[in-house]
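Q: Protein chains in written order, with this note's numbering: chain A, 1 to 312; chain B, 1 to 315.
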């Protein structure tokens, strides 16, 4: 252990720790509240003062995944004695389940569009970053700046012509259209981040491979790609996080078939106004993968969110 | 032995065939690898941008495709720049930008400074603090409207707990004077970790030997902070401000879900205003001009700022 005169004292560390943990707990409270609300009954969710201790219920999750309709008292009376547990619940709530809700579909759309665009933007980004890193590309700096600058445009500003263009080409409200769009948006991040990762791989490895008789292509996929694997993986997760969370394009360019979860979750309503447990359940399921990725990604976090402009 | 053989085969192979064996030239590979990216960006960014500029000079309306399209010159631009509503939404954006940046820089830097004291378990807590910014702004923003509910919300309960104000007496989202702060607060909650991470990188880049030298010169802690810590972390801080500035200038999802621009037009940021013009009033030409103005503004401001940033970096 190295002691230097600038090492903070134990009291300073203790003080810093208390403040940071205090902030962290405060900041995590809304997230904890989302998760907890998903397991409340609608009545518990809107109780005042807010309920911290409650009996967990899966009603929110059931409501999230099913569409239900009311059964009239006359129908209930005509039904006869309950034979299954389902009949008992139908009586208790006066509701029957008609089928699945749209949440599953929307979630699947998020998965398809998210993974599709991630794959494409990482693929195109990797080869472009390799070319930018290793070859003399004419106007290299201008092209790189151009790629970065596409991220400055407000999504709404390009949404108008894309909306018109997609309508003309039959791409509006399709998975392919959204995948291409998110790929383009993610390319700036993908190229910049991967260029940073590839720059760090010593060029000597490839030179050795070329001398051994590999072609450029072989050197690229047998030497550079395995070396850049971690970088590619973390780039992929950042691209996925973006397309997973994207809202503006999704709400403007999709209406049904290709709509992802972010525009859908806020529209979940119950029979009597907003069904907060169902909304919270939908949000929890949607946010959970990203929470896990964030914890896995912590080492590359800084690079990923700053386009590699800052390194830890 | 075998090397010799390879050489003999190589020299015997005609150059054209040799190239085919060795693969395509570097120049071709470079083109092959870069073109798809450039093509896609041209198709999805530059082509729409040019189209936007063209539309901005007309009175085209998307919902009336059969109306004759007239060329109106810079009329749309003139209308926007003389419209008090535009200036009001720019003002709302400026309020949002200034306060979020001030709060995020102050809190983010303080947190980074504390985490840099290297207390036990700081890595774990740093990761947890970072969670909010990785989540979907629209989904999280929507849930915050629940926390802000006057009768039932957790936020109002806290205010009551701390200050004793009746939780039913005020609505963060519904009140004209509170609503701008609603969005500032949630954005700060979400994005302070971003500034914190960058500041942390800045603080960790300062070599400890400088502090040791200062310590030898008997410089006070306070003095060390102002003459070493802050100036050396400044380029990082400026970078954080740049990123947050660009992002918040085009802020849409979080605020749409939180307040939807209301009440009245108190949180009607330019992006939301633009969306209304383009996709609710369907004044496409007008909205296109608006989009061009916004893009030029953010691009111009960012360019000037990057110049200043480079000066600070080179110092």
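Just so you know, even glycine gets a beta-carbon here, dropped at the ideal spot from N, CA and C.
Checking 8 Å against the spacing of the C-beta atoms, do residue 197 of chain B and residue 148 of chain A come in under that value?
A: Position 197 of the second chain, counted from the start, is the residue given in the question as residue 197 of chain B. Position 148 of the first chain, counted from the start, is the residue given in the question as residue 148 of chain A. It is not a contact, given that the beta carbons lie outside the stated cut-off.
Q: Alpha helix (DSSP H) containing residue 100 of chain A: first to last residue?
A: For this step, residue 100 of chain A is matched to residue 100 along the first chain. From DSSP, residue 100 of chain A is part of no alpha helix (DSSP H) but of the beta strand (DSSP E) over 95 to 100.
Q: Using a Cβ-Cβ cut-off of 8 Å, state whether residue 12 of chain A counts as contacting chain B.
A: Within the first chain, residue 12 of chain A is the residue found at index 12, counting from 1. Chain B, which has a Cβ nearer than 8 Å to the Cβ of residue 12 of chain A, makes this yes.
Q: Could you list which residues in chain B have their beta carbon closer than 9 Å to that of residue 43 of chain A, in chain order?
A: Your numbering for residue 43 of chain A matches position 43 in the first chain. Those do not exist, as residue 43 of chain A stays about 11 Å from chain B at its closest Cβ, beyond 9 Å.
Q: Rounding to the nearest angstrom, what Cα-Cα distance links residue 163 of chain B and residue 169 of chain B in this structure?
A: Start at 1 with the first residue of the second chain, and residue 163 of chain B comes out as number 163. Start at 1 with the first residue of the second chain, and residue 169 of chain B comes out as number 169. Looking at the two C-alpha atoms, the distance is approximately 13 Å.
Q: For residue 84 of chain A, does the three-state DSSP call read helix, strand or coil?
A: Numbered from its first residue, the first chain carries residue 84 of chain A at position 84. If DSSP states are grouped into helix, strand and coil, residue 84 of chain A belongs with coil.
Q: Got a sec: which bits of the region 132 to 149 of chain B sit with their beta carbon under 9 Å from any beta carbon on chain A, in order along the chain?
A: Those residues of the region 132 to 149 of chain B that come within reach of chain A (Cβ to Cβ, closer than 9 Å) are 132, 133, 134, 135, 136, 137, 138, 139, 140, 141, 142, 143, 144, 145, 146, 147 and 149.
Q: Beta carbons nearer than 7 Å to chain B: which residues of the region 200 to 226 of chain A have them?
A: Against chain B - using a Cβ distance shorter than 7 Å - the residues of the region 200 to 226 of chain A are 215, 216 and 217.
Q: Of the residues B:48, B:153, B:194 and B:274, which one's Cα is nearest the Cα of residue 306 of chain A?
A: As a first step, residue 306 of chain A must be located in the first chain, where it is residue number 306. Per the Cα distances, B:194.
Q: Going by the beta-carbon positions, is the gap between residue 144 of chain B and residue 269 of chain B smaller than 8 Å?
A: Position 144 of the second chain, counted from the first residue, corresponds to residue 144 of chain B. Position 269 of the second chain, counted from the first residue, corresponds to residue 269 of chain B. For residue 144 of chain B and residue 269 of chain B, no; Cβs fall outside 8 Å.
Q: According to DSSP, what are the bridge partners of residue 66 of chain A?
A: Locating residue 66 of chain A in the first chain gives position 66, counting from the first residue. Bridge partners of residue 66 of chain A: A:100.
Q: In chain B, which residues lie with their C-beta within 7 Å of the C-beta of residue 19 of chain A?
A: Residue mapping note: residue 19 of chain A aligns to position 19 of the first chain, counting from 1. The answer, in chain order, is 114.
Q: Can you list the residues of chain B that residue 280 of chain A reaches, using a CB-CB cut of under 9 Å?
A: Counting from one through the first chain, the residue named residue 280 of chain A turns up at place 280. By Cβ distance, chain B contributes 143 and 146.
Q: Report all residues from its chain with a CB closer than 8 Å to the CB of residue 63 of chain B; omit the five preceding and five following residues, and keep chain order.
A: Your numbering for residue 63 of chain B matches position 63 in the second chain. Cβ neighbours of residue 63 of chain B beyond the five flanking positions: 282.
Q: Does the beta-carbon of residue 21 of chain B have 16 or more other beta-carbons within 10 angstroms, so that it is buried, or is it exposed?
A: Working through the second chain from its first residue, we reach residue 21 of chain B at position 21. Reliability of the predicted coordinates at residue 21 of chain B is poor, the pLDDT of 49 falling under 50, and no value is obtained from them.
Q: Please name the residues in the region 229 to 249 of chain A whose beta-carbon is closer than 9 Å to at least one beta-carbon of chain B, in chain order.
A: Against chain B - using a Cβ distance shorter than 9 Å - the residues of the region 229 to 249 of chain A are 241, 244, 245, 246, 247 and 248.
Q: Mapping DSSP to helix, strand and coil, what is residue 249 of chain B?
A: Residue numbering aside, residue 249 of chain B sits at position 249 when the second chain is read from its first letter. Helix at residue 249 of chain B.
Q: Using a beta-carbon distance below 8 Å, is residue 189 of chain B in contact with chain A?
A: Here residue 189 of chain B corresponds to residue number 189 of the second chain, with the count starting at 1. It does; some Cβ of chain A falls within 8 Å.
Q: Please tell me whether residue 54 of chain A has its Cβ less than 8 Å away from any Cβ of chain B.
A: What you label residue 54 of chain A is simply residue 54 of the first chain in a count that begins at 1. Output row for residue 54 of chain A: interface = no.
Q: Output yes if chain C places a C-beta closer than 8 Å to the C-beta of residue 207 of chain B; else output no.
A: Among the chains of the structure shown, chain C does not appear; the protein chains present are A and B.
Q: According to DSSP, is residue 21 of chain B helix, strand or coil?
A: Position 21 of the second chain, counted from the start, is the residue given in the question as residue 21 of chain B. Bear in mind that the predicted position of residue 21 of chain B carries a pLDDT of just 49, short of 50, making it unreliable; the figure below should be weighed with that in mind. It is helical.
Q: Report all residues from its chain with a CB closer than 7 Å to the CB of residue 99 of chain B; omit the five preceding and five following residues, and keep chain order.
A: As a first step, residue 99 of chain B must be located in the second chain, where it is residue number 99. Same-chain partners within the cutoff: 184.
Q: How should residue 246 of chain A be labelled, buried or exposed, when 16 other C-beta atoms within 10 angstroms of its C-beta is the threshold for buried?
A: Working through the first chain from its first residue, we reach residue 246 of chain A at position 246. Buried: at least 16 other Cβ atoms inside 10 Å.
Q: Against chain A, with Cβ distances strictly below 8 Å, would residue 2 of chain B count as a contact?
A: By one-based count along the second chain, residue 2 of chain B stands at place 2. Model confidence at residue 2 of chain B stands at a pLDDT of 47, short of 50, so the residue's coordinates are unreliable; what they give is reported in the following sentence. Not one chain A Cβ lies under 8 Å of residue 2 of chain B.
Q: In the DSSP assignment, find the unbroken alpha helix (DSSP H) run with residue 76 of chain B in it and report its ends.
A: The count along the second chain starts at 1 and reaches residue 76 of chain B at position 76. Residue 76 of chain B -> alpha helix (DSSP H) spans 75 to 81.
Q: Check whether chain B comes within 8 Å of residue 102 of chain A, counting only Cβ atoms and requiring the distance to be less than that.
A: Taking the first chain and counting its residues from 1, one reaches residue 102 of chain A at position 102. By this cut-off, residue 102 of chain A is not an interface position.
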